[in-house]
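In order, the protein sequence lines correspond to chains S, Y, W and D.
Numbering-wise (this note's numbering), the first sequence opens with residue 1 and increments by one.
Numbering-wise (this note's numbering), the second sequence opens with residue 155 and increments by one.
Numbering-wise (this note's numbering), the third sequence opens with residue 309 and increments by one.
Numbering-wise (this note's numbering), the fourth sequence opens with residue 463 and increments by one.
Structure, as structure tokens:
4 protein chains.
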Amino acid sequence: MTKIKATPENKKPESSNKFRHEIRVGWGDCDPAKIVYTGRLPCFALDAINAWWEYRLGGDGWYQLELDRNVGTPFVHMSFDFRSPITPRHRLECDVWPTRLGESSIEFRVDGFQDGVLCFESRFVCVFTIASKFAKRSAPQEIRDIVEPLIIPD
Amino acid sequence: MTKIKATPENKKPESSNKFRHEIRVGWGDCDPAKIVYTGRLPCFALDAINAWWEYRLGGDGWYQLELDRNVGTPFVHMSFDFRSPITPRHRLECDVWPTRLGESSIEFRVDGFQDGVLCFESRFVCVFTIASKFAKRSAPQEIRDIVEPLIIPD
Amino acid sequence: MTKIKATPENKKPESSNKFRHEIRVGWGDCDPAKIVYTGRLPCFALDAINAWWEYRLGGDGWYQLELDRNVGTPFVHMSFDFRSPITPRHRLECDVWPTRLGESSIEFRVDGFQDGVLCFESRFVCVFTIASKFAKRSAPQEIRDIVEPLIIPD
Amino acid sequence: MTKIKATPENKKPESSNKFRHEIRVGWGDCDPAKIVYTGRLPCFALDAINAWWEYRLGGDGWYQLELDRNVGTPFVHMSFDFRSPITPRHRLECDVWPTRLGESSIEFRVDGFQDGVLCFESRFVCVFTIASKFAKRSAPQEIRDIVEPLIIPD
Chain S
1 MTKIKATPEN KKPESSNKFR HEIRVGWGDC DPAKIVYTGR LPCFALDAIN
51 AWWEYRLGGD GWYQLELDRN VGTPFVHMSF DFRSPITPRH RLECDVWPTR
101 LGESSIEFRV DGFQDGVLCF ESRFVCVFTI ASKFAKRSAP QEIRDIVEPL
151 IIPD
Chain Y
155 MTKIKATPEN KKPESSNKFR HEIRVGWGDC DPAKIVYTGR LPCFALDAIN
205 AWWEYRLGGD GWYQLELDRN VGTPFVHMSF DFRSPITPRH RLECDVWPTR
255 LGESSIEFRV DGFQDGVLCF ESRFVCVFTI ASKFAKRSAP QEIRDIVEPL
305 IIPD
Chain W
309 MTKIKATPEN KKPESSNKFR HEIRVGWGDC DPAKIVYTGR LPCFALDAIN
359 AWWEYRLGGD GWYQLELDRN VGTPFVHMSF DFRSPITPRH RLECDVWPTR
409 LGESSIEFRV DGFQDGVLCF ESRFVCVFTI ASKFAKRSAP QEIRDIVEPL
459 IIPD
Chain D
463 MTKIKATPEN KKPESSNKFR HEIRVGWGDC DPAKIVYTGR LPCFALDAIN
513 AWWEYRLGGD GWYQLELDRN VGTPFVHMSF DFRSPITPRH RLECDVWPTR
563 LGESSIEFRV DGFQDGVLCF ESRFVCVFTI ASKFAKRSAP QEIRDIVEPL
613 IIPD
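Okay, here's the thing in structure tokens:
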């Protein structure tokens, strides 16, 4: 199985277990108000969570988790507080970290910044599934081992 | 100014002030788990809110609100509880209604159903702005007149 | 297997074997130039082709073709000529028709109109595959029977 | 005006005037066939062209071109030949270069590669406009000076 190597944007030194993912914001992400369309922001945050998995699991994002490991992590909850508009004038820096690991669920925070300004705070709950059956399961031990030391409770 | 006429899918009889918007779910909305990708769902719910405005304001959605009426309604909060996966096997029926109208904000619920099954519940808070200045303003009186009788508190 | 019934927007009388699919254009489809972002237009045309399949195959779009019939139709070519900008001020009417059916390929035209004005002309070539193997195959006979009488050569 | 600095992914050495832009392909870009959905590919190619402008114009992409320089470059033509499916197992490397600069138009090629395999070839024609008037204009001289030496005729 070919593994994706961590790329430069993933190598940033991190403080306190957070992972920083950089997103290029473009013209096509913006609406006529000249700021990023609300509907694009969840995609950005999800991209950041996927990059977090890729970084933490040695190159395996959702695609490899599902197809190679038979582990799904569907979302059961998502919430956003939008603090400041986002534009293409700066990269969007998304900080990702797990806030809780339950028996069969995992919770994330993703905070987005541009030029040092907090743009959004977001929270997510995913459950672990046996991907081929779409059936709930407990968190795989190898994932538990990786995630537990990284948790920053909310 | 050309007005968009309410189209067939908007004419469904409504119970209790709710508006129903139908969405065609397609192949391209789904991910390899064969269900709609989480990142597409906020777009669906936003499309439903935009259709609600269009229906309630005689054809004016966000585009006309912003460009013709100089009224913006940017989102400050959004949250989703995902109850059941969505597929292209049925249309997605989104029920939209306002739950609160504040001095300068409006809150919505959007619930999505497929084949009678609740797929997601979502909540939104928008603020009213003078679009050209991106400055907060109170809710325009003509909008207040239309929205107030439709509110179903949460 | 639940079948999706042809919905109102599919029932329009057609001239000369063309199928008309209506798309609601929204605020979120537009960029800061206040017109639909170029990157959204292929999605619109693809939605129209998917709706064409659904209409022609008694409710089966790409999702059912692939998962229930084991027939894939991946794209090998796509081209667009953009004639006029698209906005949310009118519905986008997409006319879809097949222009050629080869041994193992099918070609489509999709033309988009707003308020009677031609907005884009587009052309597509798909090949038929055994979906489970991603291997080329000849066009299934039951599809050939349906498509052949509908062809309008380019 | 804050300028976006060329980021690491833009610094790759280039052969023969080509610019290479790297795209992270994710789970959400894929459809149930486990490959990137056709409708996403134009967005990838457009992101690459936008990154090309940003790199060539010292940080100015379409957003800054339009809003700060009053120069629009709407697309009048786009075509794709899809050669090989794209998945999240590798980054997508997009090579971008101009193939022609006319009096008031510019043409691009964008070729996409994964793991050294050509995935798509694409061609684009844009026209220059006075953004505030959406009126055709000749190519600005400062852009002509930058682009002309980079042209690789098709």
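The C-beta atom is built at its ideal place from N, Cα and C for all residues, glycine as well.
inquiry  = For chain W, check one thing: does any of its Cβ atoms lie closer than 8 Å to the Cβ of R194 (chain Y)?
reply    = Position 40 of the second sequence, counting from 1, holds the residue named residue 194 (chain Y). False, the Cβ-Cβ gap to chain W never drops below 8 Å.
ask   = Near I613 (chain D), what residues of its chain come up, given a Cβ to Cβ distance below 7 Å and the 5 sequence neighbours on each side ignored?
value = Along the fourth sequence, one-based indexing puts residue 613 (chain D) at 151. Closer than 7 Å at the Cβ level, and outside the excluded window around I613 (chain D), lie P560, T561, R562 and L563.
ask   = Tell me which same chain residues have a C-beta within less than 8 Å of the C-beta of P448 (chain W), skipping the five on either side of it?
value = Within the third sequence, numbered from 1, the residue matching residue 448 (chain W) stands at position 140. Around P448 (chain W): R377, V379 and F436.
Cβ-Cβ separation, V147 (chain S) to I106 (chain S) (assumed contact under 8 Å), whole Å = Reading the first sequence from its first residue, position 106 is the one you call residue 106 (chain S). Reading the first sequence from its first residue, position 147 is the one you call residue 147 (chain S). Between V147 (chain S) and I106 (chain S) the Cβ distance is about 7 Å, and since that is below 8 Å, they are a contact.
query = Between H21 (chain S) and C94 (chain S), is the Cβ-Cβ spacing less than 8 Å?
reply = Within the first sequence, residue 21 (chain S) is the residue found at index 21, counting from 1. Within the first sequence, residue 94 (chain S) is the residue found at index 94, counting from 1. Yes, they are a contact pair.
Reduced DSSP category for G380 (chain W) - H, G, I as helix; E, B as strand; rest coil = Along the third sequence, one-based indexing puts residue 380 (chain W) at 72. Strand, per DSSP.
inquiry  = Against chain W, which members of the stretch 510-534 of chain D pass a CB distance test of less than 9 Å?
reply    = W524, Y525, E528, L529 and G534
Nearest-angstrom Cα separation, counted from L527 (chain D) out to P611 (chain D) = Translated into positions along the fourth sequence, residue 611 (chain D) becomes position 149. Translated into positions along the fourth sequence, residue 527 (chain D) becomes position 65. Cα-Cα distance, rounded: 20 Å.
Chain-order list of residues whose beta-carbon lies under 6 Å from that of E583 (chain D) (same chain, five-residue window excluded) = As a position in the fourth sequence, residue 583 (chain D) is number 121, starting the count at 1. Cβ within range, chain order: D543 and D573.
ask   = Alpha carbon to alpha carbon, how far is I343 (chain W) from L354 (chain W)?
value = Translated into positions along the third sequence, residue 343 (chain W) becomes position 35. Translated into positions along the third sequence, residue 354 (chain W) becomes position 46. In a straight line, the C-alpha of I343 (chain W) is about 19 Å away from that of L354 (chain W).
key: CA-to-CA distance, E604 (chain D) to D462 (chain W), given in whole angstroms   = In the third sequence, counting from the first residue as 1, residue 462 (chain W) sits at position 154. In the fourth sequence, counting from the first residue as 1, residue 604 (chain D) sits at position 142. In a straight line, the C-alpha of D462 (chain W) is about 42 Å away from that of E604 (chain D).
request  = Going by DSSP, name the residue or residues bridged to H539 (chain D).
outcome  = In the fourth sequence, counting from the first residue as 1, residue 539 (chain D) sits at position 77. Per DSSP, W:D389 and D:V587.
query = Taking Cβ-Cβ distances shorter than 9 Å, what residues in chain Y pair up with G410 (chain W)?
reply = Along the third sequence, one-based indexing puts residue 410 (chain W) at 102. Result: empty, since nearest Cβ-Cβ is about 22 Å, beyond 9 Å.
ask   = Helix, strand or coil: how does DSSP classify E604 (chain D) here?
value = As a first step, residue 604 (chain D) must be located in the fourth sequence, where it is residue number 142. In the structure shown, E604 (chain D) sits in a helix (DSSP, three-state: H, G or I).
query = If you draw a straight line from the C-alpha of Y525 (chain D) to the C-alpha of P88 (chain S), how long is it?
reply = Within the fourth sequence, residue 525 (chain D) is the residue found at index 63, counting from 1. Within the first sequence, residue 88 (chain S) is the residue found at index 88, counting from 1. Answer to the nearest angstrom: the Cα atoms are 7 Å apart.
request  = Check each candidate in S:N17, S:V25, S:F124 and S:A33 and name the one with the smallest Cα separation from F288 (chain Y).
outcome  = By one-based count along the second sequence, residue 288 (chain Y) stands at place 134. Out of S:N17, S:V25, S:F124 and S:A33, S:A33 has the C-alpha closest to the C-alpha of F288 (chain Y).
task = Consult DSSP for I260 (chain Y) and reduce its assignment to one of helix, strand or coil.
result = As a first step, residue 260 (chain Y) must be located in the second sequence, where it is residue number 106. Note: I260 (chain Y) maps to strand in three-state DSSP.
ask   = Roughly how many whole angstroms lie between the Cα atoms of T346 (chain W) and V117 (chain S)?
value = Here residue 346 (chain W) is taken as the residue at index 38 of the third sequence, counted from 1. Here residue 117 (chain S) is taken as the residue at index 117 of the first sequence, counted from 1. Distance between the alpha carbons of T346 (chain W) and V117 (chain S): 30 Å.
key: Under 8 Å by beta carbon: chain Y residues contacting D493 (chain D)   = As a first step, residue 493 (chain D) is located in the fourth sequence; it is residue number 31 there, counting from the start. The answer, in chain order, is W181, G182, C184, D185 and P186.
L354 (chain W) - DSSP class collapsed to helix/strand/coil = Sequence index remark: in the third sequence, residue 354 (chain W) carries index 46 (1-based). Note: L354 (chain W) maps to helix in three-state DSSP.
task = Note down the Cα distance separating L57 (chain S) from N50 (chain S), rounded to an integer number of angstroms.
result = Residue numbering aside, residue 57 (chain S) sits at position 57 when the first sequence is read from its first letter. Residue numbering aside, residue 50 (chain S) sits at position 50 when the first sequence is read from its first letter. Whole-angstrom Cα-Cα distance: 10 Å.
Contact set between P242 (chain Y) and chain W, taken where Cβ atoms lie within less than 7 Å = Your numbering for residue 242 (chain Y) matches position 88 in the second sequence. Here the neighbours are G369 and Y371.
query = When the Cα of G488 (chain D) is compared with those of S:I86, S:G61 and S:L92, which residue comes out closest?
reply = Within the fourth sequence, the letter at position 26 stands for residue 488 (chain D). Of the candidates S:I86, S:G61 and S:L92, the one whose C-alpha sits nearest the C-alpha of G488 (chain D) is S:G61.
message = Is there a Cβ of chain D sitting closer than 8 Å to that of D389 (chain W), yes or no?
response = Residue mapping note: residue 389 (chain W) aligns to position 81 of the third sequence, counting from 1. Yes, D389 (chain W) counts as interfacial toward chain D.
query = Which residues in the same chain as R502 (chain D) place their Cβ atom closer than 7 Å to its Cβ, once the five residues preceding and following it in sequence are excluded?
reply = Stepping through the fourth sequence from its first residue, residue 502 (chain D) is reached at position 40. D491.
key: Buried or exposed (CB count within 10 angstroms, at least 16 for buried), E516 (chain D)   = Reading the fourth sequence from its first residue, position 54 is the one you call residue 516 (chain D). So E516 (chain D) counts as buried.
query = Taking all protein chains shown into account, do 16 or more other C-beta atoms lie within 10 angstroms of the C-beta of I592 (chain D), making it buried, or fewer, making it exposed?
reply = Along the fourth sequence, one-based indexing puts residue 592 (chain D) at 130. Flag for I592 (chain D) reads exposed.
message = Against chain W, with Cβ distances strictly below 8 Å, would H483 (chain D) count as a contact?
response = Position 21 of the fourth sequence holds residue 483 (chain D). No, H483 (chain D) does not count as interfacial toward chain W.
request  = Let me know the secondary structure DSSP gives T87 (chain S) once reduced to three states.
outcome  = In the first sequence, counting from the first residue as 1, residue 87 (chain S) sits at position 87. Three-state result, T87 (chain S): coil.
query = Can you tell which of D:V587, D:S594, D:Q576 and D:R585 has its C-alpha closest to the C-alpha of P668 (chain D)?
reply = This structure cannot speak to residue 668 (chain D), because chain D is shown only from 463 to 616.
inquiry  = So, with DSSP's three-state summary, where would you put L304 (chain Y)?
reply    = If you number the second sequence from 1, residue 304 (chain Y) lands on position 150. L304 (chain Y): helix per DSSP, three-state reduction.
ask   = Of all the CB atoms in chain Y, is at least one closer than 8 Å to the CB of C506 (chain W)?
value = Chain W is shown only over 309 to 462; residue 506 (chain W) falls outside these bounds and no answer can be derived.
query = Applying the criterion that 16 or more other CB atoms from any shown protein chain within 10 Å of the CB defines a buried residue, is D493 (chain D) buried or exposed?
reply = Residue 493 (chain D) sits at position 31 when you count from the first residue of the fourth sequence. D493 (chain D) is buried by the Cβ-count criterion.
key: Expected contact under 8 Å - CB spacing of V404 (chain W) and K326 (chain W) to nearest Å   = For this step, residue 404 (chain W) is matched to residue 96 along the third sequence. For this step, residue 326 (chain W) is matched to residue 18 along the third sequence. About 7 Å; that satisfies the 8 Å criterion.
key: Amino acids of chain D, ordered along the chain, whose beta-carbon sits closer than 9 Å to that of L46 (chain S)   = Here the question's residue 46 (chain S) lines up with position 46 in the first sequence. By Cβ distance, chain D contributes G488, W489 and G490.
request  = May I have the straight-line CA-CA distance separating C43 (chain S) from F416 (chain W), to the nearest angstrom?
outcome  = In the first sequence, counting from the first residue as 1, residue 43 (chain S) sits at position 43. In the third sequence, counting from the first residue as 1, residue 416 (chain W) sits at position 108. Those two C-alpha atoms are separated by around 31 Å.
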